[in-house]
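Worksheet for the structure shown next.
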Amino acid sequence: MSGPDFLDTPQGRRLAYHRTDGVGPCVVFLGGLKSDMEGTKAIHLEAWCRAQGRAFLRFDYSGHGQSSGTFEEGCIGDWAEDTAHALNTLTTGKLIVVGSSMGGWQSLLYARAYPDRLAGLVTIAAAPDFTEDGYLASFTDAQKAELEANGQIAMPSDYMEPYIITKRLIEDGRNNLVLRDPLSLPFPVRCLQGTADTAVTTETAMRLLNHADSRDMRLTLVKDADHRFSDDTCLSLIEQAVEEVSALPR
0 MSGPDFLDTP QGRRLAYHRT DGVGPCVVFL GGLKSDMEGT KAIHLEAWCR AQGRAFLRFD
60 YSGHGQSSGT FEEGCIGDWA EDTAHALNTL TTGKLIVVGS SMGGWQSLLY ARAYPDRLAG
120 LVTIAAAPDF TEDGYLASFT DAQKAELEAN GQIAMPSDYM EPYIITKRLI EDGRNNLVLR
180 DPLSLPFPVR CLQGTADTAV TTETAMRLLN HADSRDMRLT LVKDADHRFS DDTCLSLIEQ
240 AVEEVSALPR
């Protein structure tokens with residue numbers, strides 16, 4: 000496969016992306032925290048869309064994958080700017096946005112800002128507000144003191160090497176919360192969640208389901224699926240969710 004194309008943002012960041020031409024609505028994949036556009040779900044969805052002649056876009060946020068910057072420099076708001084610029088510059092017409100983990104939060108931020116662009120939304124282990132309700136809520140007094148004193152702490156992960164969480168990430172996350180105020184999703188929404196996910200709980204999935212205002216929103220719980228949500232069964236469920244929101248009348 001050829002290398003990515005690049006898009007410069009108004010903030011001076013350079014985003015790597017792969018775009019596939021085809022019929023709309025264009026399917027856009029938004030990856031998770033510290034993941035990249037070369038992951039199993041992104042690549043599988045791209046191949047599936049290409050086989051069906053569907054338009055598709057995947058890209059790396061700044062500080063991720065092949066895009067410019069470092070992870071430690073970034074925050075939720077930066078990645079929301081990246082997402083908005085990529086989608087508004089590289090696509091036209093209606094979109095079906097597929098957001099995984101932190102990408103689920105990003106998809107909700109984009110939907111809140113540009114509701115008319117979405118034909119449908121699919122979330123996979125969506126993690127809205129995780130900086131506040133996950134990280135900060137679980138920090139010990141010692142970790143909070145370290146964050147205040149040093150501006151960052153190292154966090155372990157069940158799915159990758161430990162990574163640095165900065166004070167800026169926490170504070171900026173507080174400015175981008177989506178579960179505190181009304182959240183209108185005026186299009187079909189399908190949420191997928193594994194019951195064995197140790198990074199995002201089923202309680203988070205239920206909280207999003209109960210909080211959002213949507214005329215057609217459904218949550219599918221998959222027994223024993225973990226946060227990766229990348230085995231054959233899970234990938235098939237993602238395909239089905241995209242097909243379902245594609246087929247529904249607008």
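Counting from 1, position 249 in the sequence shown corresponds to residue 248 in numbering that gives the first Met the number 0; the numbering is continuous, with no gaps.
Here a beta-carbon is modelled for each residue, glycine too, at the ideal position from N, C-alpha and C.
Predicted, not measured: the structure shown is a model, and the values here were computed from it.
Around the beta carbon of Lys-222, fewer than 16 other beta carbons lie within 10 angstroms, which makes this residue exposed. Counting only the Cα atoms, Arg-18 lies some 23 angstroms from Gly-76.
By the C-beta density criterion, Tyr-162 is exposed, having fewer than 16 other C-beta atoms within 10 angstroms.
Separation of Tyr-134 and Thr-82 (C-alpha to C-alpha, rounded to the nearest whole angstrom) is 23 angstroms.
The Cβ neighbour count for Gly-92, taken over all protein chains shown within 10 Å, is under 16; the residue is labelled exposed.
Runs of the beta strand (DSSP E) lying entirely within the stretch 35-119 and spanning at least 3 residues, in chain order: 53-58 and 94-99. Separation of the CB atoms of Ile-237 and Lys-40 is rounded to 7 angstroms, and the pair is thereby assigned contact status at 8 angstroms. DSSP places Arg-189 inside the beta strand (DSSP E), whose first and last residues are 188-193.
Residue pairing by DSSP places Ser-183 opposite Asp-212 in a beta bridge. With a threshold of 16 other beta carbon atoms within 10 Å, Gly-150 falls short and is exposed.
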